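In terms of our numbering, the sequence shown has 439 at position 436, counting the first letter as 1, and numbering is strictly consecutive.
The beta-carbon is built from N, C-alpha and C at its ideal position, and this holds for glycine as well.
The structure presented is a predicted model; accordingly, all values stated were derived computationally and were not measured.
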Amino acid sequence: MIDFNLSADERLSLFQSTIRDLENMYANPESRRVSPQLDHQEVLDFVYQHDFARGIDYHVAIRHTLEGLQNHTVHTSHPGYYGLFNPRSNFAGILADLITASVNPQMAAWSHAPFAAEVENRIVKEFGLKFGYPEDRIDGVFGAGGAEANLTAVLCAINHHFEDFAQNGMRGLSQQPLIYCSSEAHHSVARAARVVGLGASAVRSIPADQRLKMNTVKLVDQIEEDLRNGYYPFMVIATAGTTGAGTIDDLEEIGQIAKKYHIWYHVDAAYGGACVLHSEFARLLQGIENSDSITFDLHKWLSVPMAASLLITSQPQVLHKTFGIETEYMPKEAMQMRIVDPYTHSIQWSRRFIGLKIYLSLLFYGFQGYHEIIGNQVDIANQLRYKLKQNDWVILNDTALPVICFSDSTRKDDDFVRRICARILSSGNAWISVYPIHGQQSLRACITNYMTNSNHLDILVDELNQARVNESV
Ligand SMILES: *Cc1c(COP(=O)(O)O)cnc(C)c1O
Numbered sequence: 004m005i006d007f008n009l010s011a012d013e014r015l016s017l018f019q020s021t022i023r024d025l026e027n028m029y030a031n032p033e034s035r036r037v038s039p040q041l042d043h044q045e046v047l048d049f050v051y052q053h054d055f056a057r058g059i060d061y062h063v064a065i066r067h068t069l070e071g072l073q074n075h076t077v078h079t080s081h082p083g084y085y086g087l088f089n090p091r092s093n094f095a096g097i098l099a100d101l102i103t104a105s106v107n108p109q110m111a112a113w114s115h116a117p118f119a120a121e122v123e124n125r126i127v128k129e130f131g132l133k134f135g136y137p138e139d140r141i142d143g144v145f146g147a148g149g150a151e152a153n154l155t156a157v158l159c160a161i162n163h164h165f166e167d168f169a170q171n172g173m174r175g176l177s178q179q180p181l182i183y184c185s186s187e188a189h190h191s192v193a194r195a196a197r198v199v200g201l202g203a204s205a206v207r208s209i210p211a212d213q214r215l216k217m218n219t220v221k222l223v224d225q226i227e228e229d230l231r232n233g234y235y236p237f238m239v240i241a242t243a244g245t246t247g248a249g250t251i252d253d254l255e256e257i258g259q260i261a262k263k264y265h266i267w268y269h270v271d272a273a274y275g276g277a278c279v280l281h282s283e284f285a286r287l288l289q290g291i292e293n294s295d296s297i298t299f300d301l302h303k304w305l306s307v308p309m310a311a312s313l314l315i316t317s318q319p320q321v322l323h324k325t326f327g328i329e330t331e332y333m334p335k336e337a338m339q340m341r342i343v344d345p346y347t348h349s350i351q352w353s354r355r356f357i358g359l360k361i362y363l364s365l366l367f368y369g370f371q372g373y374h375e376i377i378g379n380q381v382d383i384a385n386q387l388r389y390k391l392k393q394n395d396w397v398i399l400n401d402t403a404l405p406v407i408c409f410s411d412s413t414r415k416d417d418d419f420v421r422r423i424c425a426r427i428l429s430s431g432n433a434w435i436s437v438y439p440i441h442g443q444q445s446l447r448a449c450i451t452n453y454m455t456n457s458n459h460l461d462i463l464v465d466e467l468n469q470a471r472v473n474e475s476v
């Protein structure tokens with residue numbers, strides 16, 4: 004019979020060689036292309052190279068896996084990756100995932116993982132305080148990403164507003180509930196409405212203004228009109244750091260509107276929430292303290308490996324109301340203690356120890372370390388804005404966050420922009436994307452990697468200039 008544990012010698016040898024290889028990859032992210040040249044058949048051939056009938060040599064298996072990942076992955080660890088908030092994993096986070104996988108604490112019941120559960124409780128509390136919630140009202144739950152956190156928020160809001168929703172669901176409602184967010188909001192909001200059973204038409208997409216913030220005059224007009232027509236507005240979602248252009252909605256004003264109309268106020272701060280760790284940029288989030296809930300991704304600006312998000316709420320009863328459930332078979336050892344079993348507060352049941360990645364990151368780098376690295380990334384973005392303008396590119400978005408949407412000063416058609424983007428990707432030296440600003444495509448570069456420095460910016464700008472020249476001939 005095969006030994007699932009392997010022998011001690013085999014384990015050590017595999018640990019050592021794998022760690023050497025990983026260290027080599029981690030230390031030399033620039034030795035590869037940022038993104039692969041896509042060839043579906045080549046990937047398939049590689050994945051199907053070994054059959055599963057019997058196991059293969061362990062070292063061969065590991066080498067195969069690392070080779071596949073090296074050759075067929077967009078490397079967000081590369082400082083030329085200016086992408087969609089996917090960071091280079093910080094080292095503390097990598098160690099945390101290794102430890103988590105080895106110990107495998109089960110996060111469903113508190114009594115199975117008291118240390119892990121209290122680590123997560125502490126992180127929820129620390130971030131709740133940073134966001135300005137009163138200490139005695141902070142609750143929250145870890146999840147696999149912003150989409151799960153936003154879905155959790157929609158579920159909380161609807162259970163908060165409709166007393167017997169947990170029992171009777173949509174059929175018990177006499178009015179159509181409505182969610183409000185801006186046209187720049189993340190599409191996980193619309194999908195959350197679908198998953199919950201509200202349907203995508205329950206989401207009112209409020210137009211963005213010239214600066215790409217939610218137009219609050221139109222928000223109020225829409226709420227008033229919907230009330231007159233017998234609808235039930237129950238949730239408004241502001242975005243703090245939009246995915247496309249990094250815009251922060253007017254959190255203060257939207258909070259006041261939510262309060263006036265007795266609507267659940269959620270802030271999707273999946274990306275921009277990190278500003279709360281910077282002494283100066285924290286004020287960009289002013290008003291977030293008045294929210295009922297916040298989505299905050301740890302696997303974006305805080306650079307922990309996927310998948311890690313927080314849903315934090317200032318309505319301490321709502322998670323239990325939404326997810327609480329009694330079972331016969333779950334462990335009850337801690338029944339006499341004043342604790343919460345995590346599974347009674349979350350969509351997930353069995354769950355991995357997500358919180359260790361951020362706990363260990365904070366033990367390694369501290370809030371001070373995050374303050375510095377966030378400030379640095381904003382500086383680098385400002386350098387990139389400057390270099391772009393010097394080279395006749397125009398900046399099309401307006402944000403303090405390190406997200407830059409830009410275009411050529413003369414050629415602006417969508418095709419041109421897409422072709423420039425394709426040329427950058429095929430160079431292998433950088434990864435950028437396109438995003439429409441007021442209906443017109445732009446090039447989008449975000450400083451997502453904490454290693455990106457001014458030399459990398461020069462490479463990017465050179466590639467852009469070269470691509471523009473090649474487009475013109
Ligand atoms: C990335 C993002 C999400 C989705 O988060 P995932 O971690 O990808 O699930 C939601 N909202 C905003 C604003 C985002 O930027």
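Helix, strand or coil: which one does DSSP assign to residue 347?
-> Counted from its first residue, the sequence shown places residue 347 at position 344. It is helical.
Say the cut is 7 Å; is the CB of residue 274 nearer than that to a heavy atom of ligand 1?
-> Start at 1 with the first residue of the sequence shown, and residue 274 comes out as number 271. Yes.
Residue 139 in three-state terms, based on DSSP = Counted from its first residue, the sequence shown places residue 139 at position 136. In the structure shown, residue 139 sits in a helix (DSSP, three-state: H, G or I).
Where do the N-terminal and C-terminal ends of the alpha helix (DSSP H) with residue 130 fall, by residue?
-> Within the sequence shown, residue 130 is the residue found at index 127, counting from 1. It spans 117-133 - the alpha helix (DSSP H) in which residue 130 sits, taken as one unbroken run.
Any 3 or more C-beta pairs closer than 8 Å across the region 111-128 and the region 315-334 | yes
contact_flag[the region 333-340, the region 91-108] where n(CB pairs < 8 Å) is 3 or more | no
Looking at residue 143 and ligand 1, is the gap between the Cβ and the nearest heavy atom below 7 Å?
-> Taking the sequence shown and counting its residues from 1, one reaches residue 143 at position 140. Checking the Cβ of residue 143 against ligand 1 gives no.
May I ask you to check if the CB of residue 271 is nearer than 7 Å to at least one heavy atom of ligand 1?
-> Here residue 271 refers to the residue found at position 268 of the sequence shown. The answer is yes for residue 271.
Cutoff 6 Å; reference residue 401; Cβ partners in own chain excluding five residues on either side | Start at 1 with the first residue of the sequence shown, and residue 401 comes out as number 398. 214.
Exposure of residue 346, with buried meaning 16 or more beta-carbon neighbours within 10 Å = In the sequence shown, residue 346 corresponds to position 343, counting from 1. Result: buried.
Straight-line Cα distance separating residue 159 from residue 268 = Here residue 268 refers to the residue found at position 265 when the sequence shown is read from its first residue. Here residue 159 refers to the residue found at position 156 when the sequence shown is read from its first residue. Using only the alpha carbons, I get a separation of about 11 Å.
Can you tell me whether residue 137 is buried or exposed, with buried defined as 16 or more other CB within 10 angstroms of its CB?
-> Within the sequence shown, numbered from 1, the residue matching residue 137 stands at position 134. Looking at its Cβ environment, which holds fewer than 16 other Cβ atoms inside 10 Å, residue 137 is exposed.
Go through its chain and collect everything with a Cβ distance to residue 377's Cβ below 8 Å, but skip five positions before and after it.
-> Counting from 1 along the sequence shown, the entry for residue 377 is found at position 374. Here the set comprises 277, 278, 280, 281, 284 and 304.
So the alpha helix (DSSP H) residue 423 belongs to, where does it begin and stop?
-> Counting from one through the sequence shown, the residue named residue 423 turns up at place 420. Run containing residue 423: 417-430, per the alpha helix (DSSP H) assignment.
Given residue 436, which residues of its chain have a CB within under 7 Å of its CB, disregarding the five upstream and five downstream residues?
-> One-based indexing of the sequence shown puts residue 436 at position 433. So the list reads 86, 87, 424 and 447, once near-sequence residues are dropped.
Residues near residue 80 in its chain [Cβ-Cβ closer than 6 Å; skip 5 each side] = The residue given as residue 80 occupies position 77 in the sequence shown. Excluding positions up to five away in sequence, the list reads 32 and 91.
Looking only at DSSP bridge pairs, what is residue 79 linked to?
-> The residue labelled residue 79 in the question sits at position 76 within the sequence shown. Answer is none; residue 79 lacks a bridge partner.
Below 8 Å, can you find three or more Cβ-Cβ pairs linking the region 245-263 to the region 178-193?
-> yes
From 331, 180, 198 and 122, residue whose alpha carbon lies closest to that of residue 207 = Within the sequence shown, the letter at position 204 stands for residue 207. The residue with the shortest Cα to Cα distance from residue 207 is 180.
Do we get a CB-CB distance below 8 Å when we pair residue 310 with the residues of chain B?
-> Of the chains in the structure shown, none is chain B; there is only one protein chain.
Provide the residue span of the alpha helix (DSSP H) that contains residue 111, from first to last.
-> Within the sequence shown, the letter at position 108 stands for residue 111. Per DSSP, residue 111 belongs to no alpha helix (DSSP H) and is neither H nor E.
For residue 50, which of 67, 359 and 194 has the nearest alpha-carbon?
-> Translated into the one-based positions of the sequence shown, residue 50 becomes position 47. Cα-wise, what sits closest to residue 50 is 67.
Is the beta carbon of residue 432 sitting closer than 8 Å to the one on residue 37?
-> As a first step, residue 432 must be located in the sequence shown, where it is residue number 429. As a first step, residue 37 must be located in the sequence shown, where it is residue number 34. In this structure, residue 37 lies closer than 8 Å to residue 432 by Cβ.
Among 393, 324 and 469, which residue has its Cα nearest to the Cα of residue 428?
-> As a position in the sequence shown, residue 428 is number 425, starting the count at 1. For residue 428, the nearest C-alpha among the options comes from 469.
Contact set for residue 168: own chain, Cβ-Cβ below 6 Å, skip 5 residues either direction = As a working mapping, residue 168 is identified with position 165 in the sequence shown. So the list reads 161 and 162, once near-sequence residues are dropped.
Alpha carbon to alpha carbon, how far is residue 97 from residue 363?
-> On the sequence shown, position 94 is the one that residue 97 refers to. On the sequence shown, position 360 is the one that residue 363 refers to. Distance between the alpha carbons of residue 97 and residue 363 is about 10 Å.
Does ligand 1 have a heavy atom nearer than 7 Å to the CB of residue 191?
-> Taking the first residue of the sequence shown as 1, we reach residue 191 at position 188. Residue 191 Cβ: within cutoff of ligand 1.
Quick one: what's residue 436 bridged to in DSSP?
-> Walking along the sequence shown from the start, residue 436 turns up at place 433. Beta-bridge pairing links residue 436 to 447.
Expressed to the nearest angstrom, what Euclidean distance is found between the alpha-carbon atoms of residue 42 and residue 69?
-> By 1-based counting over the sequence shown, the position of residue 42 is 39. By 1-based counting over the sequence shown, the position of residue 69 is 66. If I take the Cα positions, the gap works out to 18 Å.
Buried/exposed call for residue 5, threshold 16 Cβ in 10 Å = Locating residue 5 in the sequence shown gives position 2, where the first residue counts as 1. Exposed.
Return yes when the C-beta of residue 400 is under 7 Å from any heavy atom of ligand 1, and no when it is not.
-> Taking the sequence shown and counting its residues from 1, the one referred to as residue 400 is at position 397. False, no ligand heavy atom lies under 7 Å from that Cβ.
For residue 82, count neighbouring Cβ atoms within 10 angstroms of its own Cβ and tell me buried if that reaches 16, exposed if not.
-> Counting from one through the sequence shown, the residue named residue 82 turns up at place 79. Buried, because 16 or more other Cβ atoms sit within 10 Å of the Cβ of residue 82.
Alpha-carbon spacing of residue 475 relative to residue 449, whole angstroms | In the sequence shown, residue 475 corresponds to position 472, counting from 1. In the sequence shown, residue 449 corresponds to position 446, counting from 1. Whole-angstrom Cα-Cα distance: 26 Å.
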